[in-house]
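Trainee:
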Amino acid sequence: MQATALKAKLDTHPIAGALGAEIEGVDLSRPLDDATLAAVIDAWARHSVVFFRGQNLTVPQMEEFGRRIGDLSIVFYVNPVENSSHVTRLLRFADAEPGTRSYGEYWHMDQTIHVEPPKAFLLQSIDCPPYGGDTQFASLYAAYDNLSDGMKALCDRLVVVHTPGGFFGKGDVKKPLETKGSASQFNRSLTELEGYINQEVEHPLVCVHPLTGRKHLYMSRNYCVRFKDMTEQESAPILDYLQRHIERPEFTCRFRWSQGAIALIDNRCTQHFAINDYTGFRREMLRLQISGEAPVGPAMPRRLEAAE
Ligand SMILES: [Fe+2]
-7 MQATALKAKL DTHPIAGALG AEIEGVDLSR PLDDATLAAV IDAWARHSVV FFRGQNLTVP
53 QMEEFGRRIG DLSIVFYVNP VENSSHVTRL LRFADAEPGT RSYGEYWHMD QTIHVEPPKA
113 FLLQSIDCPP YGGDTQFASL YAAYDNLSDG MKALCDRLVV VHTPGGFFGK GDVKKPLETK
173 GSASQFNRSL TELEGYINQE VEHPLVCVHP LTGRKHLYMS RNYCVRFKDM TEQESAPILD
233 YLQRHIERPE FTCRFRWSQG AIALIDNRCT QHFAINDYTG FRREMLRLQI SGEAPVGPAM
293 PRRLEAAE
């Protein structure tokens, strides 16, 4: 960011060694001055995920803050909340049957299946259970930094195929929407999503972050089905190894939600996992997605298709 002198001093407290920090003393319900915004973005670049407690933003206030980070976008097959075209709701009812799947209860990134995937998203806790329902985050910087030099050199050369089919299933092995969380949030049936499910997009396995200039892994096992020019069978051992490596506890942090807490999550250099351990309690979150650019890395230094 330009003009360091303009940067405000923030009260920032890391919550783990690899990533994640709470920021105190910032009121996101009011328009941020340029110096405070620059400081927030600087802290976000350093910690990858930043949290602001007690915000209780209205939907328009959440959109206003999101727009300061970038253009808003939406997952086209998920219904937005009333009076918004971008904010969506993640809701699990207290009477959900034990064992019912919840939204995002596995390690993943969001929507990497686009040529220009979202760079970030905001979450706000509206209603959180008395215990449980935490979200974990993993640093894809730490995961890359802690590979051997030989593995880094291999990863630097690889391109990964991302497809919604990895999440929804393909052909006769489609996974029902009910296993994805609350089916009512989806505004399309699997049949209507058919053409979309089969789309494939390629991204470099190692990317260079536009804010920090640092290398990080860029993969999400739910979408990443194989490496370019390799079969799924050949790719799986490496993808599975890297996913297990990413999940190492020392590369992660875990956030305990409180009502009105906001998370600003960098969807380029982190994975996340919504822990489903609150059966019998209601949990409601609001989500807002922010557009990004085509990821760039040593295996794909130029992305001409991004101009399409
Ligand atoms: Fe997610």
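FYI, the numbering for the sequence shown is -7 to 300, going by the working numbering.
Every residue, glycine too, gets a C-beta built ideally from N, C-alpha and C.
1) Taking its Cβ as the centre, do 16 or more other Cβ atoms sit within 10 Å of residue 12, making it buried, or is it exposed?
2) Cβ-heavy atom distance between residue 17 and ligand 1 below 7 Å?
3) What's the C-alpha gap between residue 299 and residue 292?
4) Contact defined as beta carbons within less than 8 Å: I believe residue 156 pairs with residue 191. What is the distance between those atoms, to the nearest angstrom?
5) Check whether the stretch 117 to 134 touches the stretch 180 to 195, taking contact to mean three or more Cβ pairs, one atom from each stretch, closer than 8 Å.
6) If you compare alpha carbons, which of 40, 73, 230 and 10 is closest to residue 146?
7) Below 8 Å on the Cβ atoms is my contact criterion, and I expect residue 284 with residue 110 to pass it. Report the Cβ-Cβ distance as a whole number of Å.
8) Quick check: the stretch 196 to 207 against the stretch 92 to 101, are at least 3 beta-carbon pairs closer than 8 Å?
9) For residue 53, which residues in the same chain have their Cβ closer than 6 Å to its Cβ, ignoring the five residues on either side in sequence?
10) Using the Cα positions of residue 216 and residue 152, report the straight-line distance between them to the nearest angstrom.
11) Applying the 10 Å Cβ sphere with the 16-neighbour rule, what's the burial state of residue 280?
12) Count the other CB atoms, across all protein chains shown, that sit within 10 Å of the CB of residue 201; report buried if there are 16 or more and exposed otherwise.
Mentor: Reading off the structure:
1) Burial call: buried.
2) Residue 17 Cβ: outside cutoff for every heavy atom of ligand 1.
3) Note that residue 299 has pLDDT 48, beneath the 50 cutoff, so the model's placement of it is unreliable and no number is given.
4) Right, the Cβ-Cβ distance comes to about 7 Å (below 8 Å), so this counts as a contact.
5) With the cut-off at 8 Å, the stretch 117 to 134 and the stretch 180 to 195 do not touch.
6) Nearest C-alpha to residue 146: 230.
7) Rounded, the Cβ-Cβ distance is 5 Å, consistent with contact.
8) Cβ pair count under 8 Å is below three, so no.
9) Cβ contact annotation for residue 53 (same chain, cutoff 6 Å, sequence separation greater than five): 21, in chain order.
10) Going from the Cα of residue 216 to the Cα of residue 152 covers about 6 Å.
11) Buried: at least 16 other Cβ atoms inside 10 Å.
12) With 16 or more other Cβ atoms within 10 Å, it is buried.
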